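Undergrad: Take a look at the following structure, please.
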Amino acid sequence: MIVMYQPRSANAFDAAVKALKDAGFEEGVHFIAKRPEGGERGYIRLRIPTGLWRLEELRRLGVDWADKALKRLEEIAKARGFSNLLEEYLRPAMEAETVDPRGLVVDDAERGLKAVVRGVRVDRECGRPRVVVEYEVGGDEKSFSFIWGVTTTGKVIAGVKLNDERALVLTALLADKAIRGKKGHMTLYAKHLFALAKYKGVGWGLLRWYAEVMRESAEL
């Protein structure tokens, strides 16, 4: 999927790049640009999915032109048969910070466990996001955390040490039944980061970090 604008002149190119940057788009993170020169037309291409996420973020902030741009993209996608793909790319941003996890009750009757989520937050640690999950079991307040990073091959991962309680809580937060009952070390992937993005106070921080590291991976 490619979303691209090809300006007919250098002035049009400069104006378009300036408009994007004024709206908070970062070159390399949200879009890639090549200036017209030597008789060749330049281009401005949205990075997928991060450029779409920024458009959705602006739409949710009430920016009219972003809303119109996305509606036009949705019309084109529907007409050309790739609306499902566009929706898949947009989903993390559309769902970002729409759910408050506090008070979420999860239980496992088979293991006799019941936990209440008290909060999920993100702390920055050396530029990386550490997700801290706070929960309560039997009146005792507990927490665990995991930090996101990028492998040398460009994969976004996080390692977490699980026991029955943590696995139960993560199963609910990530909507991933495969985690239930797991113990020991487990690796989380980008799909899990996107699942966490729907929680208030967590989502945009994780998505912005993901956009940043995807640029760095592309530059390697």
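Quick note on the UniProt record's numbering: the sequence shown kicks off at 1 and runs consecutively. Glycine residues also receive a C-beta, built at the ideal position from the N, C-alpha and C atoms. In this text the structure is predicted, and so the values were computed from the model without any measurement.
Only counting the same chain, and skipping five residues up and downstream in sequence, which positions put a Cβ closer than 6 Å to that of residue 199?
TA: Your numbering for residue 199 matches position 199 in the sequence shown. Within the same chain, residue 199 has close Cβ partners 99, 101, 120.
Undergrad: Would you mind sorting residue 162 into buried or exposed? The rule is 16 or more other CB atoms within 10 Å of its CB.
TA: Within the sequence shown, the letter at position 162 stands for residue 162. Burial call: buried.
Undergrad: Identify, in the order they occur along the chain, each residue of the same chain with its Cβ nearer than 7 Å to the Cβ of residue 54, setting aside the five sequence neighbours on each side.
TA: The count along the sequence shown starts at 1 and reaches residue 54 at position 54. If we look at residue 54 and ignore the five residues flanking it on each side, its Cβ neighbours are 24, 25, 30.
Undergrad: From residue 122 to residue 56, what distance separates their C-alpha atoms?
TA: Here residue 122 refers to the residue found at position 122 of the sequence shown. Here residue 56 refers to the residue found at position 56 of the sequence shown. Roughly 22 Å between the two C-alpha positions.
Undergrad: Can you grab the Cα-Cα spacing for the pair residue 46 / residue 28, in whole Å?
TA: Your numbering for residue 46 matches position 46 in the sequence shown. Your numbering for residue 28 matches position 28 in the sequence shown. Straight-line Cα distance between these residues: approximately 9 Å.
Undergrad: Compute the distance between the beta-carbons of residue 193 and residue 179, then report whether it is under 8 Å.
TA: Counted from its first residue, the sequence shown places residue 193 at position 193. Counted from its first residue, the sequence shown places residue 179 at position 179. No, they are not a contact pair.
Undergrad: What's the C-alpha gap between residue 5 and residue 214?
TA: Here residue 5 refers to the residue found at position 5 of the sequence shown. Here residue 214 refers to the residue found at position 214 of the sequence shown. Approximately 22 Å between the Cα atoms of the pair.
Undergrad: Might you give, ordered along the chain, the residues of its own chain that have their beta carbon closer than 6 Å to the beta carbon of residue 114, omitting 5 neighbours on each side?
TA: For the purposes of this step, residue 114 is taken as the residue at position 114 of the sequence shown. For residue 114, where only same-chain residues beyond five positions count, the Cβ hits under 6 Å are 107.
Undergrad: Would you check if the segment 82-100 and the segment 197-212 touch, i.e. whether three or more CB-CB distances between them fall below 8 Å?
TA: yes
Undergrad: Quick check for students: name the residue ranges of the beta strand (DSSP E) that lie wholly in the segment 42-91, counting only runs of 3 or more.
TA: 43-46
Undergrad: Give me the residue from 128, 86, 85, 39 with the minimum Cα distance to residue 149.
TA: Position 149 of the sequence shown, counted from the start, is the residue given in the question as residue 149. For residue 149, the nearest C-alpha among the options comes from 128.
Undergrad: With DSSP as the reference, identify every bridge partner of residue 4, one or two as the case may be.
TA: Residue mapping note: residue 4 aligns to position 4 of the sequence shown, counting from 1. Under DSSP, the beta-bridge partners assigned to residue 4 are 45.
Undergrad: The alpha helix (DSSP H) that contains residue 194, what's its start and end?
TA: Residue mapping note: residue 194 aligns to position 194 of the sequence shown, counting from 1. It spans 190-196 - the alpha helix (DSSP H) in which residue 194 sits, taken as one unbroken run.
Undergrad: Among 110, 182, 143, 90, which residue has its Cα nearest to the Cα of residue 195?
TA: The sequence position of residue 195 within the sequence shown is 195, counting from 1. The option with the nearest alpha carbon to residue 195 is 90.
Undergrad: Which runs of the alpha helix (DSSP H), 4 residues or longer, sit entirely within the segment 7-38?
TA: 10-22
Undergrad: Can the beta-carbon of residue 50 be found closer than 8 Å to that of residue 211?
TA: The residue labelled residue 50 in the question sits at position 50 within the sequence shown. The residue labelled residue 211 in the question sits at position 211 within the sequence shown. Contact flag set, yes.
Undergrad: By DSSP, does residue 171 sit in helix, in strand, or in coil?
TA: Along the sequence shown, read from residue 1 onward, the residue named residue 171 stands at position 171. The answer is helix: DSSP assigns residue 171 an H, G or I state.
Undergrad: Please name the residue, chosen from 151, 133, 137, that lies closest to residue 144 on a Cα-to-Cα basis.
TA: Translated into positions along the sequence shown, residue 144 becomes position 144. Minimum Cα distance to residue 144 is reached at 133.
Undergrad: Between the Cα of residue 187 and the Cα atoms of 176, 207, 22, 158, which residue gives the shortest distance?
TA: Position 187 of the sequence shown, counted from the start, is the residue given in the question as residue 187. Taking only the C-alpha atoms, the option nearest residue 187 is 158.
Undergrad: Please classify residue 221: does DSSP put it in a helix, a strand, or coil?
TA: For residue 221 there is no data in the structure shown, the boundaries of the chain being 1 and 220.
Undergrad: Using 7 Å as the cut-off, classify the Cβ of residue 63 as near or not near the heavy atoms of the ligand GTP, replying yes or no.
TA: By its list of ligands, the structure shown contains no ligand whatsoever, and the ligand GTP lies outside what it can speak to.
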